[in-house]
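Undergrad: Next up is a structure, given as structure tokens.
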Amino acid sequence: MYPFRSTEAKWRKIWEDNYADATPSIVSSSDKKCYVLEMLPYPSGKIHMGHVRNYCIGDVIARYKKAQGYKVLHPMGWDAFGMPAENAALQNGAHPRDWTYSNIESMKQVLLPLGLSYDWDREIATCSDEYYGHEQRLFIEMHEKGLVYRKDSWVNWDPVDNTVLANEQVIDGKGWRSGAVVVKKQLEHWCLRITAYADELLQNLEQLKIAEERHRGYAVEGWPEKVLIMQENWIGKSEGLSVNFEICEGDFGEIVALTVFTTRPETLFGASFCAIACGHPLAERLAQTDAGVAAFIQECQRTPATEQAQSTAEKMGYRSKITVRNPINPIETIPVFVANFVLMEYGTGAIFGCPAHDERDFAFAEKYKLPIRSVIHGTSDSLPYVELDGTMVNSSFLDGMTVLDARKKASDYIESLSSGVRQTTYRLRDWSVSRQRYWGCPIPMIHCEHCGIVPVPKEDLPVKLPADVSFNEPGNPLDKHPTWKHVKCPKCGAPATRETDTLDTFFESSWYFLRNCCPHDAEPVNKEALNTWMPVDVYIGGVEHAVLHLLYARFFTMVLNDLGYINLREPFATLMTQGMVCHMSYQDENGKWLGPDEIEKDASGGYVTKDGGRPVIIGRAEKMSKSKKNLVNPEQMVETYGADALRIFIMSDTPYEKDFDWNTEALEGAWRYLNKVWRICEQLCEKYTFSSNSNDSVNVNDVSKGSLLATAHKYLQRIEISLNENAFHKAIALHRELTRELEREIDAEQGSSLSEMAEVLKIWISVLMPFAPHISMEAYHQLFKPSDLMMHLPWPVLRPELAFVERVTIAVQVNGRLRATFDADVDVDTSMLSEEAQALSGIQKFIDGKVIKNIVIVKNKLVNIVVE
RNA sequence: GCCCCUGUGGCGGAACUGGUAGACGCGAUAGACUCAAAAUCUAUUACCUUUCAGGUGUGGGAGUUCAAGUCUCCCCGGGGGUACCA
13 MYPFRSTEAK
23 WRKIWEDNYA
33 DATPSIVSSS
43 DKKCYVLEML
53 PYPSGKIHMG
63 HVRNYCIGDV
73 IARYKKAQGY
83 KVLHPMGWDA
93 FGMPAENAAL
103 QNGAHPRDWT
113 YSNIESMKQV
123 LLPLGLSYDW
133 DREIATCSDE
143 YYGHEQRLFI
153 EMHEKGLVYR
163 KDSWVNWDPV
173 DNTVLANEQV
183 IDGKGWRSGA
193 VVVKKQLEHW
203 CLRITAYADE
213 LLQNLEQLKI
223 AEERHRGYAV
233 EGWPEKVLIM
243 QENWIGKSEG
253 LSVNFEICEG
263 DFGEIVALTV
273 FTTRPETLFG
283 ASFCAIACGH
293 PLAERLAQTD
303 AGVAAFIQEC
313 QRTPATEQAQ
323 STAEKMGYRS
333 KITVRNPINP
343 IETIPVFVAN
353 FVLMEYGTGA
363 IFGCPAHDER
373 DFAFAEKYKL
383 PIRSVIHGTS
393 DSLPYVELDG
403 TMVNSSFLDG
413 MTVLDARKKA
423 SDYIESLSSG
433 VRQTTYRLRD
443 WSVSRQRYWG
453 CPIPMIHCEH
463 CGIVPVPKED
473 LPVKLPADVS
483 FNEPGNPLDK
493 HPTWKHVKCP
503 KCGAPATRET
513 DTLDTFFESS
523 WYFLRNCCPH
533 DAEPVNKEAL
543 NTWMPVDVYI
553 GGVEHAVLHL
563 LYARFFTMVL
573 NDLGYINLRE
583 PFATLMTQGM
593 VCHMSYQDEN
603 GKWLGPDEIE
613 KDASGGYVTK
623 DGGRPVIIGR
633 AEKMSKSKKN
643 LVNPEQMVET
653 YGADALRIFI
663 MSDTPYEKDF
673 DWNTEALEGA
683 WRYLNKVWRI
693 CEQLCEKYTF
703 SSNSNDSVNV
713 NDVSKGSLLA
723 TAHKYLQRIE
733 ISLNENAFHK
743 AIALHRELTR
753 ELEREIDAEQ
763 GSSLSEMAEV
773 LKIWISVLMP
783 FAPHISMEAY
793 HQLFKPSDLM
803 MHLPWPVLRP
813 ELAFVERVTI
823 AVQVNGRLRA
833 TFDADVDVDT
843 SMLSEEAQAL
853 SGIQKFIDGK
863 VIKNIVIVKN
873 KLVNIVVE
């Protein structure tokens, strides 16, 4: 039995004592680097299987790259600010700092036994004054650049706790802790001008599709398509035209025209109505004189304000008494509706409707019997026709043009009339970073009655959080602190107050990957270190960060480039989003979640509750969560089966990007496999004595075809391919096949020479090392007894001439059905294949007495004989 | 609603540019070893039949092809994102 406990402890100690995973320095330009990074965890106190999966993926890549001779940067840190620390303070009186640091410590005690190759010397906790002090300096420099500003806008406000709540903390319109009805409150807060980068954030998505080859040495997918699409939608750029429709009747004071925004100016000739939002100034004016409009607006306001209710509400409109004139087609006037589906917040709060080419407008026109006039002759006659291929019709001077040409021409025309301007709108909003919370980075600003807002002088940084705070009163402890906020104005010396808002925790995670390159530098970042290590070559994390974190981090990189700190615009060359770790969940007949320890098998093999034998409903595998009681504790698994077994298991069976179904029996299978590996090693140690410097490789000419060494190289080649495409589960499957080949040779007692066997075993053990490092190191040392202790194993050098396949199996089909196979030399002449196939006895009976119409021969693959 | 992904044995999943479907693992069945159990090893494991052989099979239906899990069209199921964005 493989003594995994002692072996794993032994190797962890060796690695630790020898700083085996210290980040190497890059000395020459020929050094290849690889920066492997996993999204930094929040120190909640528990390491769960999702973390384990995330870090195992990163570690396999880091170790593989290291073995291949890359200089690898593989750091770990803690995203340590945030609300849970304050909630803990409220619940059990622990200081957020103590709570956070003790969680970090306990999580680290679970991570260390996994044998992850982190350079712990670079560990960062974002709540350290050192880290957030640098962050404050970046904030001030952004302020100097005009990228930070104060803004008045609406926030979720809990009137009992006197605090802003995040959207996630508003449940059914009530504060999650106080239960008070959350109100919208207008508040001054700090914003980052991310919209200034909207265009670049959007445009660069294109280049993120493919990772630049120089970072990996082979072509590889950059970012997953779905993440790129999500970011694109989030930024939501639309280019169009705002057009003024002259109001034909009535006097509305300063309002003489209705301005609408459109992305389809080419369809202006198809306009048959305009619609405005209930909150539009014109609607309010109309309501004063038109009781029908007023009643309609009231009716709309009865719909609950939740997004859910609004989006499912029926689309309704009310036809006002006024009409407007379409500037492109002034001989016609069209009616104006007040409509519940037009949003005041987007565009101008007014639209024109072209029913023939927009689904919603079409439905609206049918409902209110409005004209539907097609202006695009497209590839289909059914309406609405929303495609863009086609030619313009019924559109005066646009007739005959393509849609895109007409769009340009119509826009030019409207602009020449001064009836509108081209306009680009974005869905992306500036990033509000103020939080009325204690456990965050203090915003380094001072409010002075005389000088206004004054940044804290850089030499006074960091602005440290006070340790002595009370959570007994509601509201922001910083604001309530007796002394902390009172300072002198750095400019005029008059009494002034500190900003008591702290930064959103996404701020810390927006630049930690840069700090990781130079965690001990006196400056926020060190340009040379960034030039060396950035970009992150492989970034691994959950898809839930597809938009916010990854967008903010990209934004920061661009800003830090503009501030002169770094020489690149995009921080992450490749992004890998791993799937969730799921587990079977159980419920009783009342829907109460049951843990595995609360159920048992009954006589018929079904599950019942231990308590009372009530029936148990077995749910599908769901994401592990405390509430569903389907958690599996990683610590316990390492204790029972060892780190290597857990590592190899979690990388097996399922592609990394898909959800992973936990299965403790299969983990046991991985444990059995490692025991087998160990048993084989023990046998080999008895049988062979390898000289410690048996590094001379076997001459190719001395290796016989079909020998184990040739087989090992074939597997090495396939394993490399699998690893290069991040198909870790396939690499493990191939290793198991190779193990079987090795066992077969041992059983057969046949003949690889000593040096052949040495090379075979080096391949066999070294390719296992990224997955199961402890057992691999131990096995290697037992077998080869190197004179100096090794910290890592080098990746075996593939010998393509040995990996070359000499014999292939040819499939023989008759009329496309497989009837036989035979072996042939690779690349044998096609006519030979044909003859041999027809001569096979198993084939004769299918072709005897029939006319052969055709024979399809695919070299090295198959012969298909077509008869009759 | 729209967009994206996905559908292969009891289960997780393999299958390079269309070319032997089910690698590898889990589970299951039988056997060996054992006083017995565990561990280990061997064999079988898509389905059906008249089983030294043949037929059917990759959600369903059509099509292209000598050949379709793979390509095209239609339909159905599952998952995710997003939402009146003009």
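Everything in the first sequence is counted per my numbering, starting at 13 for the first residue and increasing by one. Cβ atoms here follow ideal geometry from the backbone N, Cα and C, with glycine treated the same way.
How long is the line joining the alpha carbons of Ser719 and Arg684, rounded to whole angstroms?
TA: Residue numbering aside, residue 719 sits at position 707 when the first sequence is read from its first letter. Residue numbering aside, residue 684 sits at position 672 when the first sequence is read from its first letter. Spanning the two alpha carbons is a distance of roughly 27 Å.
Undergrad: Following the continuous beta strand (DSSP E) through Ala585, name the residue where it begins and the one where it ends.
TA: Locating residue 585 in the first sequence gives position 573, counting from the first residue. Here the beta strand (DSSP E) through Ala585 covers Phe584 to Gln590.
Undergrad: Curious, which full-length alpha helix (DSSP H) runs of at least 4 residues does the stretch 386–432 contain?
TA: 415–428
Undergrad: What three-state label does DSSP hand Phe257 in the structure shown?
TA: Start at 1 with the first residue of the first sequence, and residue 257 comes out as number 245. Correct three-state label for Phe257: strand.
Undergrad: Rounded to whole angstroms, what's the CA-CA distance from Met803 to Ser37? Just pull it up for me.
TA: Position 791 of the first sequence, counted from the start, is the residue given in the question as residue 803. Position 25 of the first sequence, counted from the start, is the residue given in the question as residue 37. So the alpha carbons of these two residues sit roughly 17 Å apart.
Undergrad: From Asn645 to Met596, what does the alpha carbon distance come to, in whole angstroms?
TA: By one-based count along the first sequence, residue 645 stands at place 633. By one-based count along the first sequence, residue 596 stands at place 584. When rounded, the distance between both Cα atoms is 14 Å.
Undergrad: Could you tell me if Ala506 is buried or exposed, where buried requires 16 or more neighbouring beta carbons within 10 angstroms of its beta carbon?
TA: Counting from one through the first sequence, the residue named residue 506 turns up at place 494. Exposed.
Undergrad: Mind listing, in chain order, the continuous alpha helix (DSSP H) runs of no fewer than 4 residues lying wholly within the stretch 668–703?
TA: Whole alpha helix (DSSP H) segments, 4+ residues: 676–699.
Undergrad: Quick one: give me the first and last residue of the beta strand (DSSP E) that Phe525 is part of.
TA: The residue given as residue 525 occupies position 513 in the first sequence. Careful: Phe525 lies outside any beta strand (DSSP E), inside the alpha helix (DSSP H) at Tyr524 to Arg527.
Undergrad: Give me the Cα-Cα distance between Tyr330 and Glu357, rounded to the nearest whole angstrom.
TA: Within the first sequence, numbered from 1, the residue matching residue 330 stands at position 318. Within the first sequence, numbered from 1, the residue matching residue 357 stands at position 345. Distance between the alpha carbons of Tyr330 and Glu357: 20 Å.
Undergrad: Compute the distance between the beta-carbons of Phe285 and Leu270, then report whether it is under 8 Å.
TA: Your numbering for residue 285 matches position 273 in the first sequence. Your numbering for residue 270 matches position 258 in the first sequence. The answer is no: Cβ separation not under 8 Å.
Undergrad: Would Tyr668 and Met592 qualify as a contact pair, given that the criterion is a beta-carbon distance under 8 Å?
TA: Stepping through the first sequence from its first residue, residue 668 is reached at position 656. Stepping through the first sequence from its first residue, residue 592 is reached at position 580. No. Outside cutoff.
Undergrad: Going by alpha carbons, who is nearest to Arg205 out of Pro171, Ala784, Gly158 and Leu874?
TA: Here residue 205 refers to the residue found at position 193 of the first sequence. Of the listed residues, the one whose Cα sits closest to Arg205 is Gly158.
Undergrad: Do Val559 and Ser431 have their CB atoms nearer than 8 Å?
TA: As a working mapping, residue 559 is identified with position 547 in the first sequence. As a working mapping, residue 431 is identified with position 419 in the first sequence. Cβ distance not < 8 Å, so Val559 and Ser431 don't count as in contact.
Undergrad: Can you check which of these residues, His561, Val863 and His155, is closest to Cys203 by C-alpha distance?
TA: Counted from its first residue, the first sequence places residue 203 at position 191. Measuring C-alpha to C-alpha distances from Cys203 to each of His561, Val863 and His155 identifies His155 as the nearest.
Undergrad: If you check the beta carbons only, do Lys503 and Cys463 fall under 8 Å apart?
TA: Within the first sequence, numbered from 1, the residue matching residue 503 stands at position 491. Within the first sequence, numbered from 1, the residue matching residue 463 stands at position 451. In contact: Lys503 and Cys463 (Cβ atoms closer than 8 Å).
Undergrad: For the putative contact between Val433 and Thr360, defined by C-beta atoms under 8 Å, what is the C-beta separation to the nearest angstrom?
TA: Against the first sequence, residue 433 aligns to sequence position 421. Against the first sequence, residue 360 aligns to sequence position 348. About 12 Å separates the two Cβ atoms, so there is no contact after all.
Undergrad: I'd like to check one pair, Thr274 with Phe151: are the Cβ atoms closer than 8 Å?
TA: Within the first sequence, the letter at position 139 stands for residue 151. Within the first sequence, the letter at position 262 stands for residue 274. No, these two residues do not count as a Cβ contact at 8 Å.
Undergrad: Does the Cβ-Cβ distance between Asp91 and Glu680 come in under 8 Å?
TA: For the purposes of this step, residue 91 is taken as residue 79 along the first sequence, with counting starting at 1. For the purposes of this step, residue 680 is taken as residue 668 along the first sequence, with counting starting at 1. No; because the gap between Cβ atoms is not below 8 Å, this pair is not in contact.
Undergrad: Could you check what DSSP says for Gln322 in three-state terms: helix, strand or coil?
TA: Locating residue 322 in the first sequence gives position 310, where the first residue counts as 1. Here the model assigns Gln322 a pLDDT of 47, short of 50, so the residue's position is not dependable and the matter cannot be decided.
Undergrad: Taking only three categories from DSSP, how would you classify Ile343?
TA: As a position in the first sequence, residue 343 is number 331, starting the count at 1. If DSSP states are grouped into helix, strand and coil, Ile343 belongs with coil.
Undergrad: Do the CB positions of Leu728 and Ala815 come within less than 8 Å of each other?
TA: In the first sequence, residue 728 corresponds to position 716, counting from 1. In the first sequence, residue 815 corresponds to position 803, counting from 1. The answer is yes: Cβ separation under 8 Å.
Undergrad: Just the C-alpha distance for Ala192 and Ser788, rounded to the nearest angstrom, thanks.
TA: The sequence position of residue 192 within the first sequence is 180, counting from 1. The sequence position of residue 788 within the first sequence is 776, counting from 1. C-alpha separation (whole angstroms): 58 Å.
Undergrad: Please go through the same chain and pick out, in chain order, the residues whose beta-carbon is closer than 8 Å to the beta-carbon of Arg419, but skip the five residues on each side of it.
TA: The residue given as residue 419 occupies position 407 in the first sequence. Hits under 8 Å: Arg276, Pro277 and Glu278.
Undergrad: At the level of alpha carbons, what is the spacing between Cys529 and Gly390?
TA: The residue labelled residue 529 in the question sits at position 517 within the first sequence. The residue labelled residue 390 in the question sits at position 378 within the first sequence. For Cys529 and Gly390, the distance between alpha carbons rounds to 55 Å.
Undergrad: Can you name the start and end residues of the alpha helix (DSSP H) that Tyr564 belongs to?
TA: Position 552 of the first sequence, counting from 1, holds the residue named residue 564. Run containing Tyr564: Leu560 to Asp574, per the alpha helix (DSSP H) assignment.
Undergrad: Tell me, which residues are paired with Phe170 by DSSP?
TA: Reading the first sequence from its first residue, position 158 is the one you call residue 170. One detail in the question is off: residue 170 reads as Asp in this sequence, not Phe. Asp170 pairs with Thr175.
Undergrad: Quick one: give me the first and last residue of the beta strand (DSSP E) that Tyr330 is part of.
TA: For the purposes of this step, residue 330 is taken as the residue at position 318 of the first sequence. Residues Gly329 to Arg337.
Undergrad: Compute the beta-carbon to beta-carbon distance between Ser934 and Pro96, rounded to the nearest angstrom, for a pair I have assumed lies under 8 Å.
TA: Since the displayed the chain opens at 13 and closes at 880, residue 934 lies outside it and no answer follows.
Undergrad: Is Tyr700 buried or exposed, if buried means 16 or more other CB atoms sit within 10 Å of its CB?
TA: On the first sequence, position 688 is the one that residue 700 refers to. Exposure of Tyr700 is indicated by the presence of fewer than 16 other C-beta atoms within 10 angstroms of its C-beta.
Undergrad: Look at the Cβ atom of Cys460, then the Cβ atom of Val466, and state whether they are nearer than 8 Å.
TA: Locating residue 460 in the first sequence gives position 448, counting from the first residue. Locating residue 466 in the first sequence gives position 454, counting from the first residue. In contact: Cys460 and Val466 (Cβ atoms closer than 8 Å).
Undergrad: Apart from the five residues just before and just after Tyr425, which ones in its own chain have a Cβ nearer than 7 Å to its Cβ?
TA: Locating residue 425 in the first sequence gives position 413, counting from the first residue. Here the set comprises Ile340.
Undergrad: What's the C-alpha gap between Thr759 and Ala770?
TA: The residue you call residue 759 lines up with position 747 of the first sequence. The residue you call residue 770 lines up with position 758 of the first sequence. Sequence check: residue 759 is Asp here, not Thr. Straight-line Cα distance between these residues: approximately 17 Å.
Undergrad: Here's a check: name, in chain order, each residue in its chain whose Cβ is nearer than 8 Å to the Cβ of Glu753, leaving out the five neighbours to either side.
TA: For the purposes of this step, residue 753 is taken as residue 741 along the first sequence, with counting starting at 1. Around Glu753: Leu720, Thr723, Ala724 and Tyr727.
Undergrad: Quick one: give me the first and last residue of the beta strand (DSSP E) that Met457 is part of.
TA: Position 445 of the first sequence, counting from 1, holds the residue named residue 457. That run of the beta strand (DSSP E) goes Met457 to Cys460.
Undergrad: I need the boundaries of the beta strand (DSSP E) containing Leu49, first residue and last residue.
TA: Locating residue 49 in the first sequence gives position 37, where the first residue counts as 1. DSSP places Leu49 in the uninterrupted beta strand (DSSP E) bounded by Lys45 to Glu50.
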